[in-house]
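Residue numbers (this note's numbering), protein chains in the order written: chain U, 1 to 342; chain Y, 1001 to 1342; chain G, 2001 to 2342; chain D, 3001 to 3342.
Glycine residues also receive a C-beta, built at the ideal position from the N, C-alpha and C atoms.
4 protein chains.
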Amino acid sequence: MGQKIKVGVIGAGRIGKLHTENLVAHFPMVQVKSVADPFADKVRDWAEGLGIQVLTDNYKDIINDAEIDAVLVCSSTDTHADISIEAAKAGKHIFCEKPVDLTVAKINEAVEAVKEAGVKFQVGFNRRFDHNFKKVREVVKEGKIGEVQIVKITSRDPEPPPAQYVQVSGGIFLDMTIHDFDMARYLSGSEVEEVYVTGAVLVDPAIGEAGDIDTAIISLKFENGAIGVIDNSRKAAYGYDQRVEVFGSKGKVLVSNDTDTSAIVSTADGVFSDKPKYFFLERYQGSFIEEMKDFFEAIIEDKKPPVVAIDGLKPVLIALAAKKSLVEGRPVTLKEIEKENF
Amino acid sequence: MGQKIKVGVIGAGRIGKLHTENLVAHFPMVQVKSVADPFADKVRDWAEGLGIQVLTDNYKDIINDAEIDAVLVCSSTDTHADISIEAAKAGKHIFCEKPVDLTVAKINEAVEAVKEAGVKFQVGFNRRFDHNFKKVREVVKEGKIGEVQIVKITSRDPEPPPAQYVQVSGGIFLDMTIHDFDMARYLSGSEVEEVYVTGAVLVDPAIGEAGDIDTAIISLKFENGAIGVIDNSRKAAYGYDQRVEVFGSKGKVLVSNDTDTSAIVSTADGVFSDKPKYFFLERYQGSFIEEMKDFFEAIIEDKKPPVVAIDGLKPVLIALAAKKSLVEGRPVTLKEIEKENF
Amino acid sequence: MGQKIKVGVIGAGRIGKLHTENLVAHFPMVQVKSVADPFADKVRDWAEGLGIQVLTDNYKDIINDAEIDAVLVCSSTDTHADISIEAAKAGKHIFCEKPVDLTVAKINEAVEAVKEAGVKFQVGFNRRFDHNFKKVREVVKEGKIGEVQIVKITSRDPEPPPAQYVQVSGGIFLDMTIHDFDMARYLSGSEVEEVYVTGAVLVDPAIGEAGDIDTAIISLKFENGAIGVIDNSRKAAYGYDQRVEVFGSKGKVLVSNDTDTSAIVSTADGVFSDKPKYFFLERYQGSFIEEMKDFFEAIIEDKKPPVVAIDGLKPVLIALAAKKSLVEGRPVTLKEIEKENF
Amino acid sequence: MGQKIKVGVIGAGRIGKLHTENLVAHFPMVQVKSVADPFADKVRDWAEGLGIQVLTDNYKDIINDAEIDAVLVCSSTDTHADISIEAAKAGKHIFCEKPVDLTVAKINEAVEAVKEAGVKFQVGFNRRFDHNFKKVREVVKEGKIGEVQIVKITSRDPEPPPAQYVQVSGGIFLDMTIHDFDMARYLSGSEVEEVYVTGAVLVDPAIGEAGDIDTAIISLKFENGAIGVIDNSRKAAYGYDQRVEVFGSKGKVLVSNDTDTSAIVSTADGVFSDKPKYFFLERYQGSFIEEMKDFFEAIIEDKKPPVVAIDGLKPVLIALAAKKSLVEGRPVTLKEIEKENF
């Protein structure tokens, strides 16, 4: 198998830990050499259990380690771009969690740095690697449903985030819907051209007071002529609701929620089946492994990663258009947002 | 059982025939005495087979027949209101096919005439009587899913109408979506307040040339704070697609398409199941009987019919708002439409 | 339409009433002229409401009425054969409820009488006309699943009959499973050759005391080499469970229960859907109409009815084999039963 | 984490490799130190890739290695018992693939050796650890469906084994149905008391010539009064069919096949969904990991393993009863088999 690829993980929060564990368990050709986290002590036991050689509270130790081939940027959102730029300059391949940044300028800076350094740069839109959504994309791509006409995405969380998180998250569009914007592009195979938002605060007044909404219907126009709609809620009582449907000139394809089991229980009280898998860690478990597979394959075979820099930028632009649409109560074109940001 | 209720059917096209046959087959307390149709000769055999006593090409023969207790107005849309007014003045109870008219003024005129005459007036929004949608409404009404937050309606036809029909139909919103607008009011238990349309011509360029669209996503705001979305296509390759979903603070309820059988065939080629029932006559077969049941019950027990005059007016107002939204590329409030029309 | 076919209904219990109502509602070319029932007074209002001309407590009034073209034999099981024989001798076409009789000798006598008279004779195995099971038969017949290898039938009632009925019914096999034996023949397109029963009394000890069982697994061997299994229970807490599956060399086809609606309700408590339609009147509603359609079509077009005398006999033979298998704890061939009975 | 548990894998065929890979990927507290296989050279690259220290063609190298704490016996069936006995004598904990042996005497010998040595002994009935079947068992155990009355198991393979394998496998009951016999015990929570087989050769005449059958319906009586049925086919054209249903006094629970995705594609040609996951490696992927989890948990926490020696013996007894029933064409009790074998 030759030399292992040496990896540094920057940020050992929920998602950083998840990636690290997946690499240890499923990627014999990868060695997670180092983990950096500002609260390194809190994760010491966890890191040792996994046989991580280096644990540091300074991510620069990873950037400056000549042995490290690739980094996973799993730190807080506001540091994604800067750390990616440093990593690029140090010649590391980069897997960067989404969103790359909340501002277009920063994203572009990162994109430039990556281009200049000639390193791989993959953005963590893991849902593209979900078994269900990947299948939908394949069905669309193979032309089985003809020309895409309507894209429908349902995306509802089981629980709203704490109101204080809402304030730093950039709002529902940059925090939550951003995955759906990526999905809209991925499934349609086209760029979003215009956005119109119908929003409401129905889950938690505190979210409204924080200047955000928690329930939304987002209409989309695509460049290829198709139209689409995303519906979001911060709280679905029955759990994480993640479904998509693509309708085309020759038919439709839809996928429903994953469940833990296929059990159906019938009693005098009714017919019961499983609720959806609890939240993204459970539902998208497989997708986190698949995206790593593709990232390291891109490195090993010197291929283009499946989710590149532009894929990190576009959903942010759509989110900004959505934000503006909500505030101004009118459809907003991506052109308008691009003009404002370049 | 006492005296039978004597009914005259005005207009023996597809829907007029359907109601007549249902009354003969399922309503022993009703006698369809007369049928009027401008092309009476064409339906003579059919009428005789059903034992209809009077067949005429002049609907006034029905209006003027003192024995007739109730009329079904199944003539062409542009005559619905005028005939209803005449029937009301003659003291007949009226079941009027949708839409009552394409203009608000005419509808109001009919509503006034009905009120004055004190006769029953039911509008033919049959989908409210569909087993699936009725169940959704019940679940919502019983509070099982809490406060309504999102209403989703998918409504796609198996085949577009001929382009020449499109021109006289008043356009997709007054012809096709009008059922969905009624459904949105029915399911949410609230009035629509604002409409925004994202439309496209993706099915048939001739429809576009006739000044209409064939594919639409229609965002809705309701007075009770809920939001909603309808998606329409004039042509679903796999057949008539009629699904709804209501999402609320405590859960969701959704219904899928009806099929002829529950058969699932598994072979080396895959797993196959039935397509949806072909079109509205098949899918809504039961609903046409149920709405008659309620209409005659309202007459016999002197109750309010389940779909009254205001229910005939509101969807037309929403359709006009949708039309304006499409033309002007902005959300349009119902208030605005009402102001223009009163 | 010419002259109406005049019908006499013998026996106005649940099933006799049902057929009468269906004929009145859906068969314009049929006139139910007479109804006979030993307790005629009890059904007088019902009969008058339907416009039945003659109501009698003596079925011979129907047999002797020269105007009557066809009779429906819906009386108690022990009279089916004798009345059919009388009707045949009087030249009436006969629709006879199942089973024709509980003894082979009587059935044969009836079959002979029918043959001699040259009248139509259809047995009321209505499930063959159920939309789901008919589709399964079609799929099998069209060869879509290849050669039949395994036939599986699940048939469970929502409630056991009163123990006193159990005693006169001839036992579970002649009363309940007889439909499944017919289904096994129908779906496989082959005759049953051997039966083995595993039975138990798990629902109601009183059924055991009456000498019957209430729970059974019945293995079948077919002449064409296929094998099969029926599972029965007299009481399914969740309702009437009627499913079949046919497995063949190229695949399988299965059908599940019908429900009132397709509604799925998801809440914090789980995901709920409808229970099966309540019992045979609800589930097989359509089939009762379809079997009449075929019966009168056979009369009008002078065709062979779809369920003929042999179809009345064979399930009784299988039931007798099952009974013997249960008592003797061994597989019993149909040959053995035939030898005993001819 | 302390010292790792050192494991030797005996037999590196399909299942031995699978367990080894799972241990490497998912069990940080376990070290697969050694692998033994008669054709060690063939698996050298594979073993090195996984960092296995010792690869040998003599399983005794593992038995004699004092460092080894536990062995996985994945060799050919005829060696399971003897190797287990040797391992027990050497004080190793044992995970033994099913069946422990094809003869009762040998199994008992192994059981004795294990008891004497006081080591853990778990049998590889992995399906008990399948997410679906485990859920069924839980529902039954929690009493949600009341007293168990009927157990139904469908188990069909996608492809028959080569006829030459059939001859050494001990026949369909010991090779294939043995899993279903285990499932019947597991789901019912009771012992099988009597077996009756209806068998046929419908898939491949060569299987019949080898003295075996390829299609079977197996009726079961349980000690707790419940009854059951297993249906088997060696070849389901649509793939691996693995479903169970348990019916009880208060309801039923059933599970259907797993699929790769939930995608439903609707076109003019019909409505298509995924076939079942291909075969046992795909369908039971998770169960192989879960059974290891429980095995090592039993070692670490010194608990009773979830599938013990008696669970290795009982299904073999049932299989022998089934074999006899097929040959003699009569129901066979387990008592009879036990008497013959002790």
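Among the residues facing chain Y, aspartate 231 (chain U) is included, as its CB has a counterpart in that chain under 8 Å away.
Judged by DSSP secondary structure, leucine 3072 (chain D) falls within the beta strand (DSSP E) whose first and last residues are 3070-3073.
According to DSSP, valine 30 (chain U) shares a beta bridge with U:Ile5. Taking a beta-carbon distance threshold of 8 Å, leucine 2334 (chain G) does not count as an interface residue toward chain D. The stretch 3012-3021 of chain D makes contact with the stretch 3073-3087 of chain D, as at least three CB pairs between them are under 8 Å. Beta-bridge pairing by DSSP links serine 1233 (chain Y) to Y:Arg1156 and Y:Thr1215.
Residue U:Leu50 holds the alpha-carbon nearest to the alpha-carbon of methionine 3029 (chain D) among U:Leu23, U:Glu67 and U:Leu50. For serine 2273 (chain G), the uninterrupted beta strand (DSSP E) run begins and ends at 2270-2273, by DSSP. Straight through space, the alpha carbons of glutamate 1097 (chain Y) and isoleucine 1010 (chain Y) are spaced by roughly 11 Å. For glutamine 1167 (chain Y), the enclosing alpha helix (DSSP H) has its first and last residue at 1163-1168. From the listed residues U:Ile227, U:Lys115, U:Gly225 and U:Ile217, the smallest Cα separation to glycine 1228 (chain Y) is found for U:Ile217. The Cβ-Cβ distance between lysine 324 (chain U) and glycine 171 (chain U) does not fall below 8 Å. Contact annotation for glutamine 3149 (chain D) against chain G: Leu2202, Thr2215 and Ser2233 [CB-CB distance below 7 Å, chain order].
In this structure, proline 2099 (chain G) sits away from valine 2246 (chain G), with a CB-CB distance that is not shorter than 8 Å. Straight through space, the alpha carbons of glutamate 2109 (chain G) and alanine 2309 (chain G) are spaced by roughly 11 Å. Taking the C-beta atoms as reference points, isoleucine 2094 (chain G) is found no nearer than 8 Å to phenylalanine 2125 (chain G). Counting C-beta pairs with one atom in each stretch, the stretch 1283-1303 of chain Y and the stretch 3294-3308 of chain D have fewer than three that are closer than 8 Å, which means they do not touch. Looking only at D:Asn3232, D:Phe3280, D:Asp3294 and D:Leu3220, the smallest Cα-Cα distance to proline 3331 (chain D) is reached by D:Leu3220. If you ignore the 5 residues before and after aspartate 101 (chain U), its C-beta comes within less than 8 Å of the C-beta of Thr77, Asp78, His80, Ala81, Ile107, Ala110 and Val316, all in its own chain and listed in chain order. A direct Cα-to-Cα measurement between phenylalanine 3342 (chain D) and glycine 2225 (chain G) gives close to 37 Å.
Residue environment analysis places phenylalanine 1039 (chain Y) among the exposed positions, since fewer than 16 neighbouring C-beta atoms fall within 10 angstroms of its C-beta. Between threonine 1259 (chain Y) and asparagine 2132 (chain G), the C-beta spacing is not below 8 Å.
Comparing C-alpha distances from histidine 26 (chain U) to each of U:Gln285, U:Asp311 and U:His179 shows the shortest one belongs to U:Gln285.
Comparing alpha-carbon positions, the option among D:Ala3237, D:Ile3052 and D:Ala3206 lying closest to lysine 3275 (chain D) turns out to be D:Ala3237. Closest by C-alpha distance to valine 2136 (chain G), out of G:Val2255, G:Gly2329 and G:Leu2320, is G:Val2255. Glutamine 2053 (chain G) and lysine 3152 (chain D) have their alpha carbons spaced roughly 52 Å apart. Listed along the chain, the chain Y residues whose CB falls inside 7 Å of the CB of serine 2256 (chain G) are Ser1262.
Judged by DSSP secondary structure, alanine 3066 (chain D) falls outside any alpha helix (DSSP H); it is assigned neither H nor E.
A residue is called buried when at least 16 other Cβ atoms come within 10 angstroms of its Cβ; asparagine 64 (chain U) does not meet this threshold and is exposed. Straight-line measurement puts the Cα of lysine 2042 (chain G) at about 29 Å from the Cα of tyrosine 2240 (chain G). When secondary structure is reduced to three states using DSSP, arginine 3044 (chain D) falls in the helix class.
Taking a Cβ-Cβ cut-off of 7 Å, the neighbours of phenylalanine 3272 (chain D) in chain Y comprise Gly1270, Val1271 and Phe1272, given in sequence order. Around the beta-carbon of alanine 3088 (chain D), 16 or more other beta-carbon atoms lie within 10 Å, marking it buried. Looking from the CA of lysine 1141 (chain Y), the closest CA among Y:Gly1189, Y:Thr1154 and Y:Lys1314 belongs to Y:Gly1189. The beta carbon of serine 84 (chain U) sits closer than 6 Å to the beta carbons of Val73, Ile94, Cys96 and Ala110 from its chain, once the five residues preceding and following it are set aside; these are given in chain order. In the DSSP assignment, alanine 2200 (chain G) falls within the unbroken beta strand (DSSP E) covering 2192-2200.
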